[in-house]
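For the sequence shown, UniProt numbering gives the first residue as 1, with consecutive numbering after it.
Glycine residues also receive a C-beta, built at the ideal position from the N, C-alpha and C atoms.
Reading through the structure tokens given below for one structure.
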Amino acid sequence: MESHSSLSSSSSSSPPSSLSSESCCVKVAVNVRPLIGDEVTQGCRECVSVSPVTPQVQMGTHPFTFDHVYGSNGSPSSLMFEECVAPLVDGLFHGYNATVLAYGQTGSGKTYTMGTGIKDGTKNGLIPQVMSALFNKIDSVKHQMGFQLHVSFIEILKEEVLDLLDSSVPFNRLANGTPGKVVLSKSPVQIRESPNGVITLSGATEVPIATKEEMASCLEQGSLTRATGSTNMNNESSRSHAIFTITLEQMRKISSISVVKDTVDEDMGEEYCCAKLHLVDLAGSERAKRTGSGGVRLKEGIHINRGLLALGNVISALGDEKRRKEGAHVPYRDSKLTRLLQDSLGGNSKTVMIACISPADINAEETLNTLKYANRARNIQNKPVANKDLICSEMQKMRQELQYLQATLCARGATSSEEVQVMREKIMKLESANEELSRELHIYRSKRVTLDYCNIDAQEDGVIFSKDDGLKRGFESMDSDYEMSEATSDIGAAEEWEHALRQNSMGKELNELSKRLEEKESEMRVCGIGTETIRQHFEKKMMELEKEKRTVQDERDMLLAEVEELAASSDRQAQVARDNHAHKLKALETQILNLKKKQENQVEVLKQKQKSEDAAKRLKTEIQCIKAQKVQLQQKMKQEAEQFRQWKASQEKELLQLKKEGRKTEHERLKLEALNRRQKMVLQRKTEEAAMATKRLKELLEARKSSPHDISVIANGQPPSRQTNEKSLRKWLDNELEVMAKVHQVRFQYEKQIQVRAALAVELTSLRQEMEFPSNSHQEKNGQFRFLSPNTRLERIASLESMLDVSSNALTAMGSQLSEAEEREHSLHAKPRWNHIQSMTDAKYLLQYVFDSTAEARSKIWEKDRDIKEKKEQLNDLLCLLQLTEVQNREILKEKKTREQTVSIALASTSSSYSVFKFNPYFHTKIQNSLLGISP
Ligand SMILES: Nc1ncnc2c1ncn2[C@@H]1O[C@H](COP(=O)(O)OP(=O)(O)OP(=O)(O)O)[C@@H](O)[C@H]1O
1 MESHSSLSSS SSSSPPSSLS SESCCVKVAV NVRPLIGDEV TQGCRECVSV SPVTPQVQMG
61 THPFTFDHVY GSNGSPSSLM FEECVAPLVD GLFHGYNATV LAYGQTGSGK TYTMGTGIKD
121 GTKNGLIPQV MSALFNKIDS VKHQMGFQLH VSFIEILKEE VLDLLDSSVP FNRLANGTPG
181 KVVLSKSPVQ IRESPNGVIT LSGATEVPIA TKEEMASCLE QGSLTRATGS TNMNNESSRS
241 HAIFTITLEQ MRKISSISVV KDTVDEDMGE EYCCAKLHLV DLAGSERAKR TGSGGVRLKE
301 GIHINRGLLA LGNVISALGD EKRRKEGAHV PYRDSKLTRL LQDSLGGNSK TVMIACISPA
361 DINAEETLNT LKYANRARNI QNKPVANKDL ICSEMQKMRQ ELQYLQATLC ARGATSSEEV
421 QVMREKIMKL ESANEELSRE LHIYRSKRVT LDYCNIDAQE DGVIFSKDDG LKRGFESMDS
481 DYEMSEATSD IGAAEEWEHA LRQNSMGKEL NELSKRLEEK ESEMRVCGIG TETIRQHFEK
541 KMMELEKEKR TVQDERDMLL AEVEELAASS DRQAQVARDN HAHKLKALET QILNLKKKQE
601 NQVEVLKQKQ KSEDAAKRLK TEIQCIKAQK VQLQQKMKQE AEQFRQWKAS QEKELLQLKK
661 EGRKTEHERL KLEALNRRQK MVLQRKTEEA AMATKRLKEL LEARKSSPHD ISVIANGQPP
721 SRQTNEKSLR KWLDNELEVM AKVHQVRFQY EKQIQVRAAL AVELTSLRQE MEFPSNSHQE
781 KNGQFRFLSP NTRLERIASL ESMLDVSSNA LTAMGSQLSE AEEREHSLHA KPRWNHIQSM
841 TDAKYLLQYV FDSTAEARSK IWEKDRDIKE KKEQLNDLLC LLQLTEVQNR EILKEKKTRE
901 QTVSIALAST SSSYSVFKFN PYFHTKIQNS LLGISP
């Protein structure tokens, strides 16, 4: 649906009424975003300090107070909607127009804050929160009134107003289904102004909305269609000012009940009101040099800056109380942006301006400008008026009066006991809630105390270390690597000592074993010899005994036979012989018995012998076992010795390697030290130069401030003499020109310093990363300073940090003077520079002076050019000479080498063929000299 959308206070259908026309100031909130990607890598510091108590921002010596400050140390950004925008959404339901305006330099976070970005704004930005709040409110009151919602979304691109919701323009989608950038042309929208000064947009699409999702889809579609481009300062920089407008129309049923003499009268009426909420995401101010834009981007940038300059002028005109009181002209018509925002700034709207700033010192100048503008905007007075139907409003007024009267009547009457009861209940509830909270607080406190104790204990036990401690320890442990040569030798000595001890103890063990073996062997020998002799002896003895026994037994047998024979013969002789034989027999019996005894003894001895044989066997086994142990031990000792030898060899190799690396590290350290010194000197020189230029600029600016504005009048009120006038004109012009030149110089040095600091920061980050993750160090990859010891690294880090500090301080000083100069330039826009020239004579004189100065300057330039040319020619000559010398040098060296080779060949052949000379140093030198062509 296309319509004439109004950006003014009044709805086009009903004229505004002055129901409540209290003026209120534009509310200004500052949102400080955190440092982001590039700023961090470039080593930027935060140059903005935010007070945590009061909504104050301090930049250098400039303090600024606002209605709210979010981010950094201020309130969390999540409160921004509740504190700044939610009241405006509520106001819509009472018929008040509202505007939320995000302002700030490019990349300061406007799109992020508003939520108009496709990438990261869809959930957290203000617009999505507005949608949620709006629909929640509608849901809660929809039974009381009827609503109608519309949205429009336009952008101002290069001074043209374009419709972002034109459905006739096809909506591109990429192959993967994600929405792509629309490249087709968007419909232009006309700005119209009605006779009563109301600004309307003719041709902007107003989409009727029923649900939150529909509204979100309009926002998404418009955001996709909006012009964005990549610059050095923001990958997705908005190249246009975008205005998302929500129109809320309400029709409220009003029933007024009047009680007259116990009869109740109900009067039904309708109240219509319409209000608009403009959510504006401005394009960011930018410097072409810093954004690196050229071509199309540059042109866009020029338009953006022009629109913002016009906005700045409007803010200045409205924010200056004196000018406002004087009824000075407000240049709304200077740009389309200011025309469209006419009502939001100084008109019928409740306006909140969100000044987005980057805290990085690299953006200090732009941030200071934003803060100054925002500060001025706080003085703008708006006159918001509820846009209600007049008749309805009158009725509403009367109804309110009635309610007031009823309330007064009620208050005069005694308070009923029911009310007292209700109050008591309330008090009781509050008291119990209070108790509950105190209990919770108590629990939390005791938990905290316990935790604190735990922390202390852990620290005492050395369990918890701070990150720094860890890092420190890391450094210490790494340091020890680099005292390796000594440490390694220590370790080596200890290892050697241990090895010697081990070998010693094993040697002792081996000796012990050998000793035991010897003992056993001798035992064995003794045992062996003894047993054999005894055995032989006893065997012999046994045999003898056996023989003897047998003889004795034979003898006995013979005797027995004789006895039997004698027994048969019975004569006396025989009797005698028998007695003799009996006697002999007895003796023989005794002999046999003795022999038996002896034999038994022999058996006993043989048993003993068996036992000793067993002992000998055992000894033999033991000896074998000891021998095996001895062999094992000897092998172990050999192995040990071999292992130790290998270990020692590897240690020596490692030591050599470490010594080599140590030498390299030392070399790198020396190189780095030299680099540190050189860099510091260069930085110091540059910062001194910058400081001098900045100081001079400051002096010039201060002199400019204190010099009288009108040089045509001197102290006593008399016009100055011609000569004095000319002199002061000359002085003034010289001063102006020097300021310009100094600004140029300081800006040049500022940009150079930014580059220097970025390079330092990149190196610092990479060194820090190396310290934290030594294995995947960046430097190891690129091979530069590969052998840095942790100590040298730490030194370099410290040196880089100090250089970064120096650089940041210089940047801060330069940035502040540059913004002073810029501010002065701006003030010159308002009060033209040439106001100093009061007459044609002045102008002619100045023109002549400028002409003379230019001619002189040109002559000097010509002279300098000629000098440069001459110096260049001299330089070229010197370079040629140098090249020639180098060539000659190379040739001489080559010749020398060839001669040396010839000499050595000749010497070799001479010594072999004239062996008679053997090696005679005299002849040797002589031949050598003669071959090299040296006379003695
Ligand atoms: N509060 C924040 N927290 C984290 N990142 C942020 C915040 N604000 C902005 N950024 C990031 O900063 C970058 C620039 O933000 P954004 O595009 O919103 O800037 P902008 O002011 O709209 O710039 P431009 O004027 O060029 O469009 C984005 O990458 C964004 O994600």
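Tell me whether ARG525 sits in a helix, a strand or coil according to DSSP, three-state version.
helix
How should LEU341 be labelled, buried or exposed, when 16 other C-beta atoms within 10 angstroms of its C-beta is the threshold for buried?
Buried is the label assigned to LEU341, since at least 16 other Cβ atoms lie within 10 Å of its Cβ.
Hey, could you find the ends of the beta strand (DSSP E) GLY104 is sitting in?
98-104
Apply the 10 Å Cβ neighbour rule to ASP281 and answer buried if 16 or more other Cβ atoms are within range, or exposed otherwise.
Counting the other CB atoms within 10 Å of its CB gives ASP281 a total of 16 or more, which places it among the buried residues.
With a threshold of 7 Å, establish whether the CB of GLY117 neighbours any heavy atom of ligand 1.
Ligand 1 approaches GLY117 closely enough that one of its heavy atoms is under 7 Å from the residue's Cβ.
For ALA242, which residues does DSSP report across the bridge?
GLU155, ASP281
Our contact map puts ASP361 next to GLY71 with C-beta atoms below 8 Å; I'd like the distance itself, whole angstroms only.
16 Å between Cβ atoms; not a contact.
Tell me whether ILE246 is buried or exposed, calling it buried when 16 or more other Cβ atoms sit within 10 Å of its Cβ.
buried
Quick check: GLY115 and PRO128, are their CB atoms within less than 8 Å of each other?
yes
Contact defined as beta carbons within less than 8 Å: I believe SER23 pairs with LYS383. What is the distance between those atoms, to the nearest angstrom?
The Cβ separation is near 5 Å, so the contact holds.
I'd like to know whether the C-beta atoms of LYS350 and TYR103 end up nearer to each other than 8 Å.
No; because the gap between Cβ atoms is not below 8 Å, this pair is not in contact.
Shorter than 7 Å, the distance from the beta carbon of residue 944 to the closest heavy atom of ligand 1, or not?
Examination of residue 944 is not possible in this model, given that the chain is present from 1 through 936 alone.
Check whether the region 612-629 and the region 553-563 are in contact - that is, three or more C-beta pairs closer than 8 Å.
no
May I ask you to list the residues that DSSP assigns as paired with LEU248?
Here LEU248 is bridged, per DSSP, to LEU149, ALA275.
Let me check understanding here. Comparing Cα to Cα, which of GLY662, MET145, ALA374 lies closest to TYR272?
MET145
Is it right to say MET543 is buried, meaning 16 or more other beta carbons lie within 10 angstroms of its own, or is it exposed?
exposed
Under a Cβ-count criterion, where at least 16 other Cβ atoms within 10 Å of its own Cβ denotes burial, should MET681 be classed as buried or exposed?
exposed
Would you decide whether ASN375 is buried or exposed? Buried here means 16 or more other CB atoms lie within 10 Å of its CB.
Under this definition ASN375 is a buried residue.
Measure the beta-carbon distance from residue 973 to VAL762 and round it to whole angstroms, keeping in mind my assumption that it falls under 8 Å.
Not covered by the structure: residue 973. The range shown for the chain is 1 to 936.
Give the DSSP bridge partners of LYS350, in chain order.
ALA98
Could you work out which residue in ALA29, SER140, VAL89 is closest to ASP67 when comparing CA atoms only?
Ranking ALA29, SER140, VAL89 by CA distance to the CA of ASP67 puts ALA29 first.
Judging by CA-CA distance, which residue of GLN599, SER904, SER514, GLU512 is the nearest neighbour of LYS541?
GLN599
Report the rounded CA-to-CA distance for LEU804 versus THR41, giving the unit in angstroms.
12 Å
Across which residues does DSSP place ARG516 in a beta bridge pair?
Answer is none; ARG516 lacks a bridge partner.
Report yes if the C-beta of GLU36 is less than 7 Å from at least one heavy atom of ligand 1; otherwise report no.
Contrary to the premise, residue 36 reads as Ile rather than Glu in this sequence. Yes - ligand 1 has a heavy atom lying nearer than 7 Å to the Cβ of ILE36.
Answer with buried or exposed for SER112, where buried requires no fewer than 16 other C-beta atoms within 10 angstroms of its C-beta.
Position check: residue 112 holds Tyr in this sequence, whereas Ser was assumed. That one is buried.
Just how far apart, CA to CA, sit PHE465 and GLU772?
Interpretation of PHE465 is limited by its pLDDT of 37, a score under 50 that renders its predicted location unreliable; no figure is taken from the coordinates.
If you count every other CB in all the chains shown that lies within 10 Å of the CB of THR205, and 16 or more means buried, which is it?
buried
Three-state secondary structure (DSSP) at GLY107?
coil
Considering only residues of the same chain and omitting the five flanking positions on each side of GLN883, which have a CB-CB separation below 8 Å?
none
Figure out for me which residue from ALA691, ILE892, GLY117, GLN848 has the closest Cα to the Cα of GLN749.
ALA691
Put LYS27 into one of helix, strand or coil per three-state DSSP.
strand
By DSSP's criteria, ILE209 is part of a beta bridge. Which residues make up the other side?
LEU149
Assess contact between the region 135-149 and the region 238-252, defined as three or more Cβ pairs (one per stretch) separated by less than 8 Å. Is contact present?
Yes: the two stretches touch, three or more of their Cβ pairs being nearer than 8 Å.
Considering ILE191, what are the terminal residues of the beta strand (DSSP E) in which it resides?
190-193
Give me the residue from SER799, ILE905, VAL352 with the minimum Cα distance to ALA101.
Here the sequence assigns Leu to residue 101, which means Ala is not the residue at that position. Cα-wise, what sits closest to LEU101 is VAL352.
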